[in-house]
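K.L.:
Mind looking over this structure? Questions follow.
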Amino acid sequence: MAEKAVDLSAVMREFNFADCFDESDRLVSLGPFFGGDAADACMRSLERLGLVYFDDFFIVEQTYPGWCEVEAF
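Sequential numbering of the sequence shown, starting at 20, is according to my numbering.
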């Protein structure tokens, strides 16, 4: 986001979030978004902000049990 000059606060305002779902130095996780329509709307919103799907963000549309943890590096 920094390379594209997209401010995280603009993303948070777009989705009316007070906090990120999770955050590290290199990755910000937003959500949850429920259903394919919500995921599509999320993608369109991020693209309007100047981000590019797959290069800058991706959407995980799977349901995981509570004991399963997904990490990205």
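All C-beta atoms in this analysis are idealised placements derived from N, C-alpha and C, irrespective of residue type, glycine included.
Give the single residue among Ser64, Leu46, Ser43 and Asp44 whose Cα lies nearest to the Cα of Phe52.
P.N.:
Ser64
K.L.:
Under 8 Å between the Cβ atoms of Asp41 and Ser48?
P.N.:
Their beta carbons are under 8 Å apart, which means Asp41 touches Ser48 by this criterion.
K.L.:
Got a sec, what are the start and stop residues for the alpha helix (DSSP H) Met62 sits in?
P.N.:
Note, Met62: alpha helix (DSSP H), Gly55 to Arg67.
K.L.:
How is the alpha helix (DSSP H) around Ser28 delimited, first residue to last?
P.N.:
Leu27 to Glu33
K.L.:
When the cut-off is 8 Å and only beta carbons count, does Ile78 lie next to chain B?
P.N.:
Chain labels in this structure do not include chain B; a single protein chain is all it has.
K.L.:
Work out the CA separation of Cys87 and Gly69 for me, nearest whole Å.
P.N.:
32 Å
K.L.:
Ignore the nearest five residues each way along the sequence and tell me which others in Gly85's own chain have a CB closer than 7 Å to its CB.
P.N.:
Within the same chain, no Cβ atom closer than 7 Å to the Cβ of Gly85 is found once the five residues on either side in sequence are excluded.
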